[in-house]
Amino acid sequence: MKIKSKICLTAIILTVYGYVNAQNNAEMEETKIRNLIEKCYLNGALNDMNTEAMYEGYHSDFAIFYAEGKELKKLPLNAWVKMVDDFKKNSENNELRKFEYEFIQIDVNETTAYVKLKLLRNKTLVFTDLLTLLKFENQWKIVTKIYHSHIENPWKL
């Protein structure tokens, strides 16, 4: 009877340890993803407009997908970086890329992740962004973005 109790106790301890370890790993991956998005998207394409950081965090085949009428449109990374650089050159536009943000959801699996963000300007909800990430050789990369604009003409103040 004592042996069965010890085996059961050992099994419970190992199960709890495995669960706690898995939770810690998931939280570590979530933190890595949050940091990547803050550096390469929120302060890369937006806020600081650090386009060099964009190249670090996005896969080279990244694209923003959006609907235009009945068509699916695609904005590749290089074209997006050029748009950000053009905004940066015109100081009148700089405030257009300043956003407060809120992480709504981060869902991480072993090699895939999904992130939902809210972007606000002057406490007004402007965009809801949905980002997908893939893990390449232990490094997360943003691979797609889709979004919803909550206001008309979000690139005008």
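Residues -22 to -1, 1 to 135 in mature numbering (1 follows the signal peptide of the UniProt record, and there is no 0) are what the sequence shown spells out, letter by letter. No residue lacks a Cβ here, since even glycine has one placed at the ideal position from N, Cα and C.
Query	Result
Would a C-beta distance cut-off of 8 Å place I11 and I84 closer than the cut-off?	yes
Drop a sphere of 10 angstroms on the beta-carbon of W133, count the other beta-carbons inside from all chains shown, and report buried for 16 or more, exposed for fewer.	exposed
Counting beta carbon pairs with one atom in the region 40 to 52 and one in the region 62 to 76, are three or more of them shorter than 8 Å?	no
So, does the region 76 to 92 touch the region 27 to 37, judging by three or more C-beta pairs under 8 Å?	no
Determine the extent of the beta strand (DSSP E) in which residue 169 is found, giving its start and end residues.	Outside the displayed span of the chain (-22 to 135) sits residue 169, for which this structure offers no information.
Out of E5, I42 and D63, which has the shortest C-alpha to C-alpha gap to N25?	D63
Pick out whichever of L111, K76 and K113 has its Cα sitting closest to the Cα of M27.	K76
Taking DSSP as the reference, what is the three-state secondary structure of E5?	helix
In the DSSP assignment, find the unbroken beta strand (DSSP E) run with F81 in it and report its ends.	E78 to V86
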